[in-house]
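The structure under discussion appears below in the form of structure tokens.
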Amino acid sequence: MATTTSSIYASYTQQVAIYVGFPVLIAGIIGETLNIIVFMSLHTFRQNSCAFYLLIMSCVNIGQLLTGLFPLIVMTGFGIDWTTDSLFYCKFRQYCRQVCALISLSCFCFATTDQFLATCFRPYFQKWSNIKIARRLCIITSVIWILHGIPCLIYFSLIPSSATARPSCTITNQVFSKYYTYCYTAVFTGYLPVSVVALFGTLAYYNVQRIEYRTRPLVRRELDKQLTVMVLILDIYNIIALLPYPVILVLISVTTITKNPIIAQQISFVSSLTSYTYFSYFACPFYIYICTSERFRRQLFHVLFKIHLERWRRRKVVAPLT
60 MATTTSSIYA SYTQQVAIYV GFPVLIAGII GETLNIIVFM SLHTFRQNSC AFYLLIMSCV
120 NIGQLLTGLF PLIVMTGFGI DWTTDSLFYC KFRQYCRQVC ALISLSCFCF ATTDQFLATC
180 FRPYFQKWSN IKIARRLCII TSVIWILHGI PCLIYFSLIP SSATARPSCT ITNQVFSKYY
240 TYCYTAVFTG YLPVSVVALF GTLAYYNVQR IEYRTRPLVR RELDKQLTVM VLILDIYNII
300 ALLPYPVILV LISVTTITKN PIIAQQISFV SSLTSYTYFS YFACPFYIYI CTSERFRRQL
360 FHVLFKIHLE RWRRRKVVAP LT
């Protein structure tokens, strides 16, 4: 009975990887690429600190989808684990997915905080919302997380599994294993960013409700409102997407729950589902921007068809003449 149940949940996990994971991966890469094109093509966004954070977030989101989600789909959907074939890839994948996730979540928190500062009433707070500070913060944060990921290169290794005797990419240090589960996964990629965006998102929402009554240039006021709405809706979705995964990891770490093989399989299946909701954080920003901002839709159309398509047509016309 337990074997049959285990096979059923294994089949469910495989189907979810193929029919949920792949659409999330493809949609995410396309969406984040379009985000990068829009944010880099318009001067309005290039000089805005919040848009800069969202641009960097989109870049590292693609890295996270390729190094985190894609190998997970191949592993659970098709039974191909590349990390067991190469020690270098075992270490490299864990390092890249950790660095990309932390940079992305940092930029997400910065973008939310930036909109709170940009919509504040006091000029003292507003001056902290500028492109120079945004660039410095992103550089400093990236360096910190790049150095923070070095233990992954040291402590992840190929260890033969006691059940199958096949090598698996696991942590060899118990102290780092606990840090990875409870600090990195639960705090840094779960509760901490959710708490930050919930706090500053609420404050930014309060500020933007009163932005109509402030004497600011119309263009800047409209841009602040657009970015604040985009970021706030993204905040709400990402709180829902990020929280379940660390909760499940804590449950898995409780050995009394996972001693029952059927319950262990059920938790493993739920963990698989929550991992895809977690990765949807890295895939969904573009589609949230499109759904929540009419102005962003117009900007996307303008960038794709008025700027890049026209530029391509002009090159096509000039090329035969030269």
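The sequence shown begins at 60 in my numbering and counts up one residue at a time.
Even glycine gets a Cβ: it sits at the ideal position worked out from N, Cα and C.
Check for me: the beta strand (DSSP E) holding residue i runs from which residue to which?
{"i": "S227", "result": "P226 to I230"}
Have a look at the DSSP bridge pairing and note the partners of residue i.
{"i": "P219", "result": "P226"}
Going straight from the alpha carbon of residue i to that of residue j, what length do you get?
{"i": "A69", "j": "R156", "result": "25 Å"}
{"i": "L131", "j": "L84", "result": "11 Å"}
{"i": "S188", "j": "W371", "result": "36 Å"}
{"i": "L380", "j": "Y348", "result": "Since pLDDT at L380 reaches only 49, below the 50 mark, its modelled position is unreliable, and the value read off the structure follows with that caveat. Computed Cα separation, rounded: 41 Å."}
{"i": "C228", "j": "S334", "result": "18 Å"}
{"i": "L124", "j": "W141", "result": "16 Å"}
{"i": "Q106", "j": "S165", "result": "20 Å"}
{"i": "P305", "j": "I298", "result": "12 Å"}
{"i": "R354", "j": "V288", "result": "11 Å"}
{"i": "L302", "j": "E369", "result": "44 Å"}
{"i": "F341", "j": "Y112", "result": "14 Å"}
{"i": "N94", "j": "P219", "result": "42 Å"}
{"i": "A300", "j": "L196", "result": "25 Å"}
{"i": "T351", "j": "I292", "result": "8 Å"}
{"i": "T336", "j": "Y154", "result": "21 Å"}
{"i": "R181", "j": "Q285", "result": "20 Å"}
{"i": "T200", "j": "L359", "result": "29 Å"}
{"i": "A76", "j": "S163", "result": "23 Å"}
{"i": "I326", "j": "R373", "result": "57 Å"}
{"i": "L176", "j": "F137", "result": "47 Å"}
{"i": "S236", "j": "C149", "result": "15 Å"}
{"i": "C242", "j": "P344", "result": "25 Å"}
Under DSSP, the alpha helix (DSSP H) around residue i begins and ends at which residues?
{"i": "C155", "result": "L146 to A177"}
{"i": "C197", "result": "I190 to H207"}
{"i": "T244", "result": "Run containing T244: none; DSSP gives neither H nor E here."}
{"i": "T103", "result": "H102 to R105"}
{"i": "P184", "result": "In the sequence as presented, Pro is not what sits at residue 184; that position holds Phe. F184 -> alpha helix (DSSP H) spans P182 to Q185."}
{"i": "Y265", "result": "L251 to Q268"}
{"i": "I311", "result": "P303 to S312"}
{"i": "V234", "result": "Q233 to K237"}
Compare the beta carbon distance of residue i and residue j with 9 Å and say whether it is the shorter of the two.
{"i": "Q174", "j": "V290", "result": "yes"}
{"i": "G122", "j": "L161", "result": "no"}
{"i": "D294", "j": "A257", "result": "yes"}
{"i": "T135", "j": "T63", "result": "no"}
{"i": "V267", "j": "T178", "result": "yes"}
{"i": "C211", "j": "A170", "result": "no"}
{"i": "N11", "j": "Y214", "result": "Outside the shown range of the chain (60 to 381) lies residue 11, about which nothing can therefore be said."}
{"i": "L308", "j": "T244", "result": "yes"}
{"i": "L146", "j": "L262", "result": "no"}
{"i": "I91", "j": "S66", "result": "Checking the sequence shown, residue 91 turns out to be Glu, not Ile. Going by C-beta atoms, E91 is not nearer than 9 Å to S66."}
{"i": "Y296", "j": "A86", "result": "no"}
{"i": "L101", "j": "H361", "result": "yes"}
{"i": "G80", "j": "F247", "result": "no"}
{"i": "V119", "j": "C159", "result": "yes"}
{"i": "C168", "j": "V255", "result": "yes"}
{"i": "T240", "j": "S312", "result": "yes"}
Inset, instruction - Please go through the region 340-377 and give each complete alpha helix (DSSP H) segment of 4 or more residues, from N-terminal end onward. - result: 344-351 and 353-360
Inset, instruction - Could you tell me which uninterrupted alpha helix (DSSP H) segments, each at least 4 residues in length, are contained entirely in the region 119-148, listed from first to last along the chain? - result: 129-137
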